[in-house]
Structure formats: structure tokens, C-alpha cells
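Residue numbers (full-length UniProt numbering): 1 to 371.
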């Protein structure tokens with residue numbers, strides 16, 4: 001039997017899709033999660049093992065899990081994995097604390113990233129606007145870093161979701177990591193010739209500072225092109241104020257079916273910020289749509305410059321906005337082959353992810369470990 005560990009179940013996002021695929025690969029595996037919102041219906045909800053932190057979260061009215069995060073490592077260190085032969089940990093900041101409870105079992109950490117807000121002061125300061133918020137994040141950062149460093153040496157195998165994350169693991173943890181890209185639903189995001197390409201670009205995802213939606217909006221306004229913005233977030237109103245153009249449309253949050261249609265019909269999809277991996281670029285490419293992305297982070301693994309999209313060299317904000325605007329002004333959709341883009345996206349499928357993770361776990365189980 002395999003045991004799976006996840007840090008929190010408070011929404012369905014990228015890391016929950018990873019855990020869903022792990023739960024499919026090992027259909028008898030319990031999923032240990034310290035903080036759970038029981039209103040969130042995950043595919044693996046009937047297998048969740050949780051405890052008092054979830055009860056406290058419910059008593060707080062599910063308003064904020066942040067006050068409970070400092071207690072998560074303690075809960076994870078005391079998990080009882082029973083007869084599990086190996087433990088797979090989905091890690092953002094505190095998950096690897098479960099390595100202590102795993103004892104001598106093979107322990108495989110799937111790392112979405114070492115806690116970026118903990119290791120990166122600039123990102124941390126951007127997340128907390130007030131002095132009390134900054135002080136709280138500083139304290140939480142120290143806990144996250146100490147948790148990661150203590151657990152890193154206990155892990156049997158470390159898997160990174162991108163080359164960029166593997167580089168961070170090497171830098172911060174002094175450990176090597178294998179790369180297995182996260183699963184993308186390439187069976188849902190597909191091409192459709194009945195939805196022809198229209199005269200607009202698209203920006204999709206959460207509108208938060210580190211994703212730099214402001215760059216996309218400013219570049220589209222400078223280039224005088226149509227931009228459709230899909231998604232919500234705390235920077236939505238700021239982006240609206242930056243638009244200053246009737247050619248920039250904000251759709252807010254939409255259904256998966258609506259997002260798929262918008263992606264299919266776009267000339268290209270924009271990614272102006274740095275992502276650990278970035279699911280949206282692969283979803284767009286699965287629809288046959290090329291990317292225009294800042295050439296840093298996870299897109300270096302997913303986007304082939306000149307073949308499945310265009311990578312923009314990094315730089316200061318003014319230069320990056322100018323480079324995006326120039327590409328948008330002169331973009332030729334006909335220069336990209338939708339079928340080739342789609343074939344590339346298929347290499348990031350859910351089945352490929354499960355197969356790669358099964359191989360890694362099988363190898364870890366085959367290597368003798370001290371009892």
C-alpha cells in the first residue's frame with residue numbers, strides 16, 4: 001500500500017490535480033491532509049485522513065487557514081502511515097515534514113516548489129501589505145525553511161515539477177531532483193476546427209502580483225491589440241484601471257468549457273510572469289494555440305521558442321513591456337502549426353504523469369532500505 005500526503009485541501013488548483021492523479025494511480029492509498037475544507041469536493045475526498053486542524057478550520061468558518069499553518073508540520077510529523085510501503089508527499093511548504101513520520105519507508109516528495117515566499121524576500125513583501133502581515137510571513141517563512149531543510153535529508157527521492165524548481169531544490173536544499181512535469185488534461189483541452197481563430201490575444205489565470213498581469217495589459221494597450229483577460233484575483237481592479245482601452249475585455253472567472261473556447265479562438269496566449277511550471281500554457285497549446293511568454297521558469301520546459309510559441313527575453317518592466325508589445329504588433333499566427341503545437345502538448349498528459357510517477361515509486365521500492 002502507498003500513502004499520499006498533501007498540505008491542504010481548501011480549493012481545487014494545480015497541486016490538487018497532481019494529488020488526484022496520484023490517487024488514481026494508487027486507488028487504495030489514503031490521503032493525509034492536515035487542513036481540509038469539507039465543502040471542497042475532490043475526487044479523493046472519501047480517502048482523506050485528517051484531524052484537529054480541520055476541525056479548528058471548520059470552527060473558524062473556513063474563513064482563513066493561515067492561522068493554522070504553523071501547526072501543520074507538527075501534525076504531519078505524527079501521522080500514522082500504518083502498513084504503507086512508501087509515502088508520496090505533495091509539497092509546497094510544509095508537506096515534507098511527513099518524512100519524519102515515514103521513518104525508514106521510501107519517501108518520495110513531489111515538489112511544486114520550495115516555499116518561494118519563504119526563500120524570496122521580494123515575493124514575501126509583495127504578498128503582505130501591512131507591517132503585521134510582513135512580520136507574520138517572516139515568522140512563517142522561518143518555520144517553512146527550517147521544516148524543508150530538516151526534512152530534505154530524510155527524503156529518499158525528490159521529484160521537481162520543472163527544471164526551474166529542480167534548480168531551486170539544488171540551491172536551497174543541496175539535493176538533486178528528477179523532473180516530472182505535472183499532469184494536464186489534454187483530453188479536455190483539444191483543437192476544434194469549428195472554432196476558427198479570431199483577432200484577439202488571451203491572458204488566463206489568477207490576477208495576482210507575481211503573475212504580472214499588469215505587463216500583459218500594458219503591452220496590449222501599447223500595441224493597440226485586442227486582449228481578453230480570463231480570471232479573477234486581488235489585482236483585477238488594478239488591471240482594469242491600467243487598461244484604458246475598449247479593446248481589453250475582462251471576462252472574470254469562467255467555466256472550463258468557456259476557457260477552452262477562448263483559448264481555441266485566440267491568436268496566442270500570453271504569460272508575462274514567472275511560474276514554477278505553468279498549466280495554462282500547456283492547456284493553450286493542447287488547443288493548438290501558440291504561447292507568447294516571458295522566457296523564465298517553467299515555460300522553458302513547456303514552450304519551444306519559434307515552434308510552439310515565442311519566448312520574450314527577461315529584463316526590467318519597461319523593456320519587457322516593449323518586447324511583448326512588439327511581438328503582439330507583428331505576431332503572425334499562420335507561422336505556427338496548430339497540429340504540431342498540439343502534439344507537443346500531449347507529452348504533458350495525465351497518463352504520462354502517472355506512468356512517470358509509477359516508475360519512480362517502483363524504483364524507490366526496489367532499492368533496499370534500512371529497517
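We treat Cβ as the ideally placed atom computed from N, Cα and C, and that holds for glycine.
- Proximity of the region 285-302 to the region 233-252 falls short of the contact definition, fewer than three beta-carbon pairs being nearer than 8 Å.
- In this structure, residue 270 and residue 292 form a Cβ contact; the two beta carbons are roughly 5 Å apart against a cut-off of 8 Å.
- Boundaries of the alpha helix (DSSP H) harbouring residue 143: 131-152, taken from the DSSP string.
- With contacts defined by Cβ atoms closer than 7 Å, residue 56 and residue 69 do not form a contacting pair.
- Excluding sequence positions up to five before and after residue 208, its CB lies within less than 8 Å of the CB of 233, 234 and 235, all in the same chain and listed in chain order.
- The Cβ-Cβ distance between residue 30 and residue 3 falls below 7 Å.
- Under the Cβ criterion (8 Å, minimum of three pairs), the region 150-164 counts as touching the region 104-114.
- Sequence-distant partners of residue 275 (beyond 5 residues in either direction) whose C-beta falls short of 6 Å from its own C-beta, in its chain, are 297 and 298.
- Listed in chain order, the beta strand (DSSP E) elements of length 3 or more contained wholly in the region 217-272 are 227-230, 248-252 and 269-271.
- Counting along the chain, no beta strand (DSSP E) covers residue 363; the unbroken alpha helix (DSSP H) around it starts and ends at 350-366.
- Assignment of residue 199 by DSSP, reduced to helix, strand and coil, places it in the coil class.
- Looking only at 180, 97, 92 and 102, the smallest Cα-Cα distance to residue 116 is reached by 92.
- Pairing residue 289 with residue 328 gives a Cβ-Cβ distance that is not under 7 Å.
- In the three-state DSSP reduction, residue 9 falls in the strand class (E or B).
- Pairwise C-beta distances place the region 190-205 out of contact with the region 123-143, as fewer than three of them are shorter than 8 Å.
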